Amino acid sequence: MAGPLCLVLLGVSLAGLLLPGGSVFLSPERASSVLGRVRRANSFLEEMKKGNLERECMEETCSFEEAREVFEDTAKTTEFWNKYADGDQCESSPCQNEGRCKDGLGEYTCACLEGYEGKNCELSMRKLCSVDNGGCEQFCREEQSSVVCSCASGYVLADNGKSCVSTEPFPCGKTTTGRSKRSVIDHGGQGPSEAEAGMQEQYDPGDLPATQSTLLLLPFNETDGSPGEDSSSVIRIVGGQDCKDGECPWQALLVNEENEGFCGGTILSEYYVLTAAHCLQQAKKFTVRANGTRTRRKATRSHTRWRWSSGRPSPSA
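With mature numbering (1 follows the signal peptide of the UniProt record, and there is no 0) applied, the sequence shown covers -15 to -1, 1 to 302.
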């Protein structure tokens, strides 16, 4: 009796297990949708085809070398990689005052417009008259935390508000006399004139230390060097500019007895020319040439410091 009862119970149990079978097995259409995958770009022989950004870096995580295969340009790859690796640092527009942002790895840089500086171009650069004359070619004055340029008589302010343009044939400060072909030193083989001889005074350099530097001797007002000479070998003032012949009347040239220019100077007045102390060691006798003319003078006094008293310079202790 027990045996037939067990068989009945086993049959009922198996039937119960088979009833939910319809929900376990899916139709072919539904099964395909579960196992489906978007077709990869260039999936057929993909390694033999040109790099594809979608395949290399969008569907999968790519390296810098794999991205380089797509762009085939280091600069473009770096620009993409900076955003791909850690996001776009310029997305929040951190640069102020119309600065241009450039993304980097974990950082960014701002290219600021003229007049601004700082990490985010947030600082305004105040370029007043005390710095490079405010950018003015001639006169500069400050008004309301800004500079206003102006020009001397005979000039008008250019459109850029900085430069000055002459309006007269011979404006103040601009001379156009040609080079003198004769020198007051040359008197047809004769010595100096009586007037010049009266002005001669022997210069005693005293105990000024001699310079150890070598000087490049150039003809007066010739700043381009000799023909064929490499301009990089010419010793020049840092940040200096070429001055056309006759347009810098405050400049002077010291010329030695061999008719060679050995030092420059600045005309302070009709009696004084400012030059470097070591220049006075280069020659015992020299002449001063200004604007193509020469004046025979001997240095009679040198000052290491200056102080003005009653309109006259005097040595300072």
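From the three backbone atoms N, C-alpha and C, an ideal C-beta is built for every residue, glycine too. Remember, predicted model here, so these are calculated numbers, not experimental data.
Under the DSSP definition of a beta bridge, T94 partners with K87. If you draw a straight line from the Cα of V240 to the Cα of P234, it comes to about 17 Å. Counting only unbroken stretches of 3 or more residues, the beta strand (DSSP E) elements lying wholly within the segment 51 to 90 are 85 to 88, in sequence order.
Spanning the alpha carbons of Y256 and S148 requires a straight line of approximately 31 Å.
Taking C-beta separations shorter than 8 Å and ignoring five residues to either side along the sequence, the partners of G89 in its chain run N67, Q74, following chain order. Exclusion of the five residues before and after E242 leaves K270 as the residues of its chain whose Cβ lies within less than 6 Å of its Cβ. Contact fails between the segment 111 to 122 and the segment 89 to 99, because fewer than three Cβ pairs, one in each stretch, are under 8 Å apart. DSSP places R40 outside any beta strand (DSSP E), giving it a letter other than H or E. Straight-line spacing of the CA atoms in V258 and Q129 works out to 38 Å. When beta bridges are read from the DSSP output, Q236 appears opposite T251. Between C134 and V141, the alpha-carbon positions lie close to 10 Å from each other. Distances from the alpha-carbon of G139 to those of G146, V150, N145 put V150 closest. C-alpha of T272 to C-alpha of Y101: approximately 49 Å in a straight line. As a beta-bridge residue in DSSP terms, E102 pairs with L108. Only residues of its own chain outside the window of five on either side were considered, and among them T59, T62 have a CB closer than 8 Å to the CB of R53, listed in chain order. In this structure Q81 is in contact with C106, their Cβ atoms being roughly 5 Å apart against a cut-off of 8 Å.
Excluding residues up to 5 positions away in sequence, C134 lie with their Cβ nearer than 7 Å to the Cβ of G146 in the same chain.
In this structure, DSSP gives G120 a helical state, which the three-state scheme calls helix. Cβ contact annotation for F247 (same chain, cutoff 8 Å, sequence separation greater than five): L200, L202, L239, V240, N241, C264, Q267, A268, F271, in chain order. Beyond the five residues adjoining it in sequence on each side, K87 comes within less than 6 Å, by CB distance, of T94 in the same chain, given in chain order.
The three-state secondary structure of C264, taken from DSSP, is helix. Counting along the chain, the unbroken beta strand (DSSP E) around L142 starts and ends at 140 to 142. If you draw a straight line from the Cα of S254 to the Cα of Q236, it comes to about 12 Å. By the C-beta density criterion, C228 is exposed, having fewer than 16 other C-beta atoms within 10 angstroms. For S131, the enclosing beta strand (DSSP E) stretches over residues 131 to 135. A direct Cα-to-Cα measurement between C136 and D144 gives close to 13 Å.
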